[in-house]
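Peer 1: Numbering (the UniProt record's numbering), first residue to last: 1 to 451.
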């Protein structure tokens, strides 16, 4: 949404963004810091270190439930907002979205940018099928309060002890706005308008769309697949991990799932060159697991270009590290929960603990992870189908996305998983390995079934 402002300020514009270059990120951080200093509602009372803010915004772009919007003045970002969708398993509130972290930097106010940004967020929410937008704001943010009231938001409640700022407790004001009047419009979980229609001749698949994560498992610098997680039972599929990553991307995959198998058993990264080759070729997000058990290795790979890291054994043995990683890298930490008959396995699947998988999932959700990858080891590499019952139990117990893994061997397995999302909407994606490499599943057909 663009508008030519008649003042000397020039062109004002608001849009949803999914990727930002360095210039945009720097401008966004500058605007955010200015808003925080002015008493803006980001939660920080003083501007955080620049690297913390940059990590925060990079993380936001990786969270599927959050839509990021920016306001621009002559092309430069001077404000932002986030539209937060409810978790997929929150069917009771599926008609509502939440507006958060809305601001215009002080140096760009009174030019109409606030109204323009708010209208862009509302239009997006309306197009996705949401009926209601909710928000809350500190009473001290008087300009924002006036804007929301003037744009049709209804003040329905007040929290008497909402926040502490400038040494005193201030109230919080709660607002809501109805976007659609038709009570019959209640989206379960709205899909993007670009979601493809199933090809003619194919029966429609029930459930919502899923992300396919092709697996690139690394052992001694090559791409392999294990059976039941046993290192001595590995099949080599490629000796060029970088080229393999490029092949999956060119075939239409939107994420890559990489595991350093040597690292998982050794407790430290052991396929550095192969991972770096994948990063160099990747034009889509990459998630990496295996041997990441300290903050140095986590930070190293996230700063090197990995989008999300997967923490497995450390989730059981050092939950404080997981919590700290989630604090420093919001939206970029995933918990890998591997189970054998429902019991959590660690140390590259070599050991089994007494902890139940769902119990660990709840602990990781509390720690702040962005998602959970659930693998039933007895199915992994066996091509006999995903343990849908355990995966659905995990998804229904959590409010964060769950990615299924282990056992996919046919299109029928993918269709069954997608159908299961009707009752377990928290399932977000599926990792597929051996069946893609040995040709049992055609990737284009798999993407069609899941989309």
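By construction, the Cβ of each residue, glycine as well, lies at the ideal position given by its N, Cα and C atoms. Since we're looking at a predicted model, the values are computed, not measured.
Can you have a look at residue 209 and say buried or exposed, based on whether 16 or more other CB atoms are within 10 angstroms of its CB?
Peer 2: buried
Peer 1: Look at the alpha carbon of residue 63 and the alpha carbon of residue 371, and state the distance between them as a whole number of angstroms.
Peer 2: 9 Å
Peer 1: Between which two residues does the beta strand (DSSP E) carrying residue 405 extend?
Peer 2: 402-405
Peer 1: Report the option in 313, 65 and 29 whose CA atom is closest to the CA atom of residue 48.
Peer 2: 29
Peer 1: Give me whichever residues DSSP pairs with residue 453 in a beta bridge.
Peer 2: The structure shown does not extend to residue 453, since the chain is modelled only from 1 through 451, so no value can be given for it.
Peer 1: Can you tell me whether DSSP reads residue 18 as helix, strand or coil?
Peer 2: coil
Peer 1: Whole angstroms is fine: what's the gap from residue 147's alpha carbon to residue 79's?
Peer 2: 14 Å
Peer 1: What residue range is occupied by the uninterrupted alpha helix (DSSP H) comprising residue 391?
Peer 2: 388-397
Peer 1: For residue 241 and residue 313, what's the separation of their Cα atoms in angstroms?
Peer 2: 24 Å
Peer 1: At which residues does the alpha helix (DSSP H) containing residue 160 begin and terminate?
Peer 2: From DSSP, residue 160 is part of no alpha helix (DSSP H) but of the beta strand (DSSP E) over 154-165.
Peer 1: With DSSP as the reference, label residue 55 as helix, strand or coil.
Peer 2: helix
Peer 1: For the putative contact between residue 310 and residue 286, defined by C-beta atoms under 8 Å, what is the C-beta separation to the nearest angstrom?
Peer 2: Between residue 310 and residue 286 a beta carbon distance of about 11 Å is seen, past the 8 Å cut, so the two are scored as non-contacting.
Peer 1: DSSP state of residue 413, grouped into three classes?
Peer 2: helix
Peer 1: Kindly list the residues whose CB is nearer than 8 Å to the CB of residue 197, restricted to its own chain and excluding five residues on each side of it in sequence; keep chain order.
Peer 2: Annotation note: pLDDT 34 at residue 197 (below 50); position unreliable, coordinate value reported separately. Setting aside the 5 residues that flank it on each side, residue 197 has no residue in the same chain whose C-beta is closer than 8 Å to its C-beta.
Peer 1: Ignore the nearest five residues each way along the sequence and tell me which others in residue 103's own chain have a CB closer than 8 Å to its CB.
Peer 2: 31, 32, 35, 40, 41, 42, 79, 80, 81 and 144
Peer 1: How about residue 365 and residue 399: are their beta carbons less than 8 Å apart?
Peer 2: yes
Peer 1: Is residue 358 closer than 8 Å to residue 393 when the C-beta atoms are compared?
Peer 2: At a Cβ-Cβ threshold of 8 Å, residue 393 and residue 358 count as neighbours.
Peer 1: Considering only the alpha carbon of each residue, which of 44, 432 and 15 lies closest to residue 256?
Peer 2: 432
Peer 1: Look up residue 303 in the DSSP assignment and give the residues it is bridged to.
Peer 2: Under the DSSP definition of a beta bridge, residue 303 lacks any partner.
Peer 1: For the alpha helix (DSSP H) holding residue 364, just list the boundary residues, first then last.
Peer 2: 357-367
Peer 1: Would you list, in sequence order, the uninterrupted beta strand (DSSP E) runs of no fewer than 3 residues that lie entirely inside the region 49-103?
Peer 2: You should have 66-73 and 76-84.
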